[in-house]
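Below is one structure, written out as structure tokens, with a few remarks after it.
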Amino acid sequence: MATARLDYIAPWWTYWLHNFPHFNFTFQTVDNTFRPGEASYQQSLVFLACISAAGLVLSLLLLSVYLTSVCCCRKEEEEETKRPDSCCVSWTAVITGLILCSAVGVGFYGNSQTNDGVYQLTYSLHNANHTLGGINGLVSSSLGSMEVGLQQHLKRLDEIFATRGDYVQALRFMGQMADNIIRQLTSMPELSKAKVDLSAIADQTDYGEYYRWLTYLLLLILDLVICLVACLGLAKQSRWLLTMIMVFGVISLVLSWGSLGAGTATAVGTSDFCVSPDKFIANRTKDFLSAEVTHYYLYCSQSLPNPFQQSLTIFQRSLTTMQIQIQGLLQFSVPVFPTAERDLLGIQRLLNSTEFNLNQLTVLLDCRGLHKNYLDGLMGVCYDGVEGLLYLCLFSLLSVSAFCVMLCAIARAWTLITSRDRDYDDIDEEDPFNPQARHMAFNPSRASHVHSFCSYSSSLDSQASPHPPPQTAAILPTSEYMNQSMLFGGNPRYENVPLIRRGSPPPSTFRNIFSQNENHLPVYD
Numbered sequence: 021m022a023t024a025r026l027d028y029i030a031p032w033w034t035y036w037l038h039n040f041p042h043f044n045f046t047f048q049t050v051d052n053t054f055r056p057g058e059a060s061y062q063q064s065l066v067f068l069a070c071i072s073a074a075g076l077v078l079s080l081l082l083l084s085v086y087l088t089s090v091c092c093c094r095k096e097e098e099e100e101t102k103r104p105d106s107c108c109v110s111w112t113a114v115i116t117g118l119i120l121c122s123a124v125g126v127g128f129y130g131n132s133q134t135n136d137g138v139y140q141l142t143y144s145l146h147n148a149n150h151t152l153g154g155i156n157g158l159v160s161s162s163l164g165s166m167e168v169g170l171q172q173h174l175k176r177l178d179e180i181f182a183t184r185g186d187y188v189q190a191l192r193f194m195g196q197m198a199d200n201i202i203r204q205l206t207s208m209p210e211l212s213k214a215k216v217d218l219s220a221i222a223d224q225t226d227y228g229e230y231y232r233w234l235t236y237l238l239l240l241i242l243d244l245v246i247c248l249v250a251c252l253g254l255a256k257q258s259r260w261l262l263t264m265i266m267v268f269g270v271i272s273l274v275l276s277w278g279s280l281g282a283g284t285a286t287a288v289g290t291s292d293f294c295v296s297p298d299k300f301i302a303n304r305t306k307d308f309l310s311a312e313v314t315h316y317y318l319y320c321s322q323s324l325p326n327p328f329q330q331s332l333t334i335f336q337r338s339l340t341t342m343q344i345q346i347q348g349l350l351q352f353s354v355p356v357f358p359t360a361e362r363d364l365l366g367i368q369r370l371l372n373s374t375e376f377n378l379n380q381l382t383v384l385l386d387c388r389g390l391h392k393n394y395l396d397g398l399m400g401v402c403y404d405g406v407e408g409l410l411y412l413c414l415f416s417l418l419s420v421s422a423f424c425v426m427l428c429a430i431a432r433a434w435t436l437i438t439s440r441d442r443d444y445d446d447i448d449e450e451d452p453f454n455p456q457a458r459h460m461a462f463n464p465s466r467a468s469h470v471h472s473f474c475s476y477s478s479s480l481d482s483q484a485s486p487h488p489p490p491q492t493a494a495i496l497p498t499s500e501y502m503n504q505s506m507l508f509g510g511n512p513r514y515e516n517v518p519l520i521r522r523g524s525p526p527p528s529t530f531r532n533i534f535s536q537n538e539n540h541l542p543v544y545d
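In this note's numbering, the protein residues as written are 21 to 545.
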């Protein structure tokens, strides 16, 4: 009963994933047909996830070897060799940050695509479940009307028309029509089990998808935060920030490898279903649905006969015959038996409601509604869903590569920062040209005692004497001393800049004093 499907064609990436080798735990080839209930098929998916676990172990081993070589086998380097190394580390960090940001963007898109596909699948399952529930409700309501309500009315009318054989014969004929309707309703396939299965699948899928989406969202945010903090740590050259980033980088590396394994196994299993979904559904429904009914709903072709058409036709004819009989009894028996009018009108209302149920049942049993839900679910899970999983796998691969390179770059940067701090520790802290000295807080016990060249309040006589009067030492921070030294350089830009914490005049005043009194200055051999 094979029929060419024109309304659904599996995408090429599902065939690519479907052709992945399937091995069990004993390294034996397993059929790639979607069989989630079999242990061998489950082992083949777990085996794919274990490949990512092997990649995690290998990457951690290589990182351990590299970090050990950097930390324990480091040699002293000259300043000329440090600058190119530092530049290489900087460019490596920049490129790694760009790759990681790109990976996060790909991950957000893949997470959204997968969520959209799963939502479309669950929405279609809920719609199909609603349709099957409506069919079961209409069948149950019609059976109840025929088996209980109609029989009660017929029993009372049989007592009323006991003296009229023709009326009793009409009632017996109506009973036979009711039995035909009951027989056709009970011969319809039992769809309650399918309803329960769809409800369970939809609820479990919604529950799992929510936590999957939330887990990936947190992982994406963690990767983005690690990238930003790593850039901050390298810019500030903070060893504690870099150490913290290395710890969280290893954690994120483990999570990325885990997400890659889970995403690959899920994508391959879903692709196995998407390549031949009809076969899987036919096998799952063969216990309570005939192959003809399953084929009718899976393909919904105009050339396929409706398996319910004969039952619905008999239902409709029997109902029409009963309505004609009731109309005749209302017209001829009520004048003779007025007490029969109430039961006759009750049967008429019951037949009208059953006819309404029949019209609704005919619409719901048509294959177009359920087939549309089936196609929507396939499109959602096999197009958007699997495509999103592929993007998530790409995100995992990019993040794994970026974190491996980032950890190596951060380890190298950490050693460079440590070497620089060790070189700074060898410099005299009291040296005014030491860059660290300019950041020292003012401390009178460690500050340099810089003697003033002259005082603004000193007289010309004292300056002209062979031995200028001694000046009190001005205790100033080294940075201020260096600023004053630059001011004494005679640069015109600093002519009007007042000296820090001093009452001294600008440098031009000293040049004028020296020019006017140079003859009075002592001359030393």
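Every residue, glycine too, gets a C-beta built ideally from N, C-alpha and C. In this text the structure is predicted, and so the values were computed from the model without any measurement.
query: Between TRP36 and ARG259, what straight-line distance do the alpha-carbon atoms span, to the nearest angstrom?
result: Within the model, the alpha-carbon separation for TRP36 versus ARG259 is close to 46 Å.
message: Taking DSSP's pairing of strands, which residues face THR49 in a bridge?
response: Per the DSSP secondary-structure output, THR49 pairs in a beta bridge with PHE43.
field: Selection from THR435, PRO209, CYS413 and ASP396 that minimises the alpha carbon distance to GLN257
entry: Checking every option, the nearest Cα to that of GLN257 belongs to THR435.
Under the three-state DSSP convention, the category VAL420 falls into: If DSSP states are grouped into helix, strand and coil, VAL420 belongs with the helices.
task: Please name the residue in ASN393, GLN347, GLN336 and LEU364 whose C-alpha comes closest to that of PHE376.
output: Answer by Cα proximity: GLN336.
message: Excluding the 5 residues flanking VAL406 on each side, which residues of the same chain have their C-beta closer than 8 Å to its C-beta?
response: Correct list, in chain order: PRO31, TRP33, THR34, LEU37, GLY137, ALA287, THR290, SER291 and CYS294.
- request: Identify whether PRO31 lies in helix, strand or coil by the three-state DSSP scheme.
  value: Note: PRO31 maps to coil in three-state DSSP.
- request: Can you give me the start and stop residues for the alpha helix (DSSP H) that GLN204 sits inside?
  value: Per DSSP, the continuous alpha helix (DSSP H) segment holding GLN204 begins and ends at 185 to 206.
- prompt: Below 8 Å between beta carbons: does that hold for ALA69 and LEU254?
  reply: With contacts defined by Cβ atoms closer than 8 Å, ALA69 and LEU254 do not form a contacting pair.
- prompt: So, using beta-carbon positions, are LEU120 and ASP243 closer together than 8 Å?
  reply: In this structure, the beta-carbon distance from LEU120 to ASP243 falls below 8 Å.
field: Which of helix, strand or coil DSSP assigns to LYS306
entry: Annotated three-state conformation of LYS306 is coil, per DSSP.
query: Measuring CA to CA, which of TRP277, LEU412, THR142 and GLN189 is closest to GLY127?
result: The shortest CA-to-CA distance from GLY127 to any of TRP277, LEU412, THR142 and GLN189 is the one to LEU412.
Cα-Cα separation between ILE221 and ILE29, rounded to whole angstroms: If you take the alpha carbons of ILE221 and ILE29, they lie about 23 Å apart.
ASN393 and ASN147 closer than 8 Å at C-beta: In this structure, ASN147 lies closer than 8 Å to ASN393 by Cβ.
- prompt: Are GLN196 and SER331 touching if we call contact CB-CB under 8 Å?
  reply: Not a contact, by the Cβ cut-off of 8 Å.
task: Given a cut-off of 8 Å, decide if VAL188 and ASP178 are closer than it, judged by their beta-carbon atoms.
output: ASP178 is a Cβ neighbour of VAL188, given a cutoff of 8 Å.
field: Buried/exposed call for PHE423, threshold 16 Cβ in 10 Å
entry: When all chains shown are included, PHE423 counts as buried.
8 Å contact criterion, which PHE20 and ILE246 should meet: CB distance rounded: Outside the modelled stretch of the chain, which goes from 21 to 545, sits residue 20, for which no answer is possible.
task: Keeping to the same chain, check which residues put their C-beta closer than 8 Å to that of LEU427; ignore five residues upstream and five downstream.
output: So the list reads LEU83, LEU87, MET266, GLY269, VAL270 and LEU273, once near-sequence residues are dropped.
- prompt: Are the stretch 373 to 391 and the stretch 317 to 330 touching, with three or more C-beta to C-beta distances below 8 Å?
  reply: Yes, they touch.
Proximity to THR206 [Cα-Cα], best of PRO358, ASN156 and ASP186: Put simply, of PRO358, ASN156 and ASP186 the residue whose alpha carbon is nearest the alpha carbon of THR206 is ASN156.
Host alpha helix (DSSP H) of PHE328 (start-end): Unbroken run through PHE328: none, as it is neither H nor E.
message: If you reduce the DSSP assignment to three classes, tell me which class ALA360 lands in.
response: In the three-state scheme derived from DSSP, where H, G and I count as helix and E and B as strand, ALA360 is classed as helix.
field: Distance between LEU141 and MET166 (C-alpha atoms, nearest Å)
entry: Their backbone Cα atoms lie some 38 Å apart in a straight line.
- request: Go ahead and label VAL114 buried or exposed: buried means 16 or more other beta carbons lie within 10 angstroms of its beta carbon, across all protein chains shown.
  value: So VAL114 counts as exposed.
message: Quick check: what's the CA-CA separation for GLN63 versus VAL77?
response: Answer to the nearest angstrom: the Cα atoms are 20 Å apart.
- request: Give a yes or no on whether the C-beta atoms belonging to LEU370 and LEU350 are separated by under 8 Å.
  value: Going by C-beta atoms, LEU370 is not nearer than 8 Å to LEU350.
- prompt: Rounded to a whole number of angstroms, what is the C-alpha to C-alpha distance between PHE415 and TYR230?
  reply: PHE415 and TYR230: Cα-Cα distance of roughly 19 Å.
field: Anticipated Cβ contact below 8 Å, TYR236 with ASN131, distance rounded
entry: Cβ-Cβ separation between TYR236 and ASN131: approximately 5 Å, consistent with a contact (criterion under 8 Å).
- prompt: Hey, quick one: how far does the alpha helix (DSSP H) through CYS294 stretch, first residue to last?
  reply: Judged by DSSP secondary structure, CYS294 falls within the alpha helix (DSSP H) whose first and last residues are 259 to 295.
message: Just to check my reading of the structure: LEU339 and THR374 have Cβ atoms closer than 8 Å, yes? What is that Cβ distance to the nearest angstrom?
response: That belief holds up - the Cβ atoms of LEU339 and THR374 are roughly 6 Å apart, short of 8 Å.
- request: Quick one: give me the first and last residue of the alpha helix (DSSP H) that TYR403 is part of.
  value: Element bounds for TYR403: n/a, residue is neither H nor E.
message: Quick check on ASN52: buried or exposed, where buried means 16 or more other Cβ atoms within 10 Å of its Cβ?
response: Label assigned to ASN52: buried.
field: Among ALA198, THR333, GLY75 and ASP217, the one whose alpha carbon lies nearest that of ASP307
entry: Closest by alpha carbon: ASP217.
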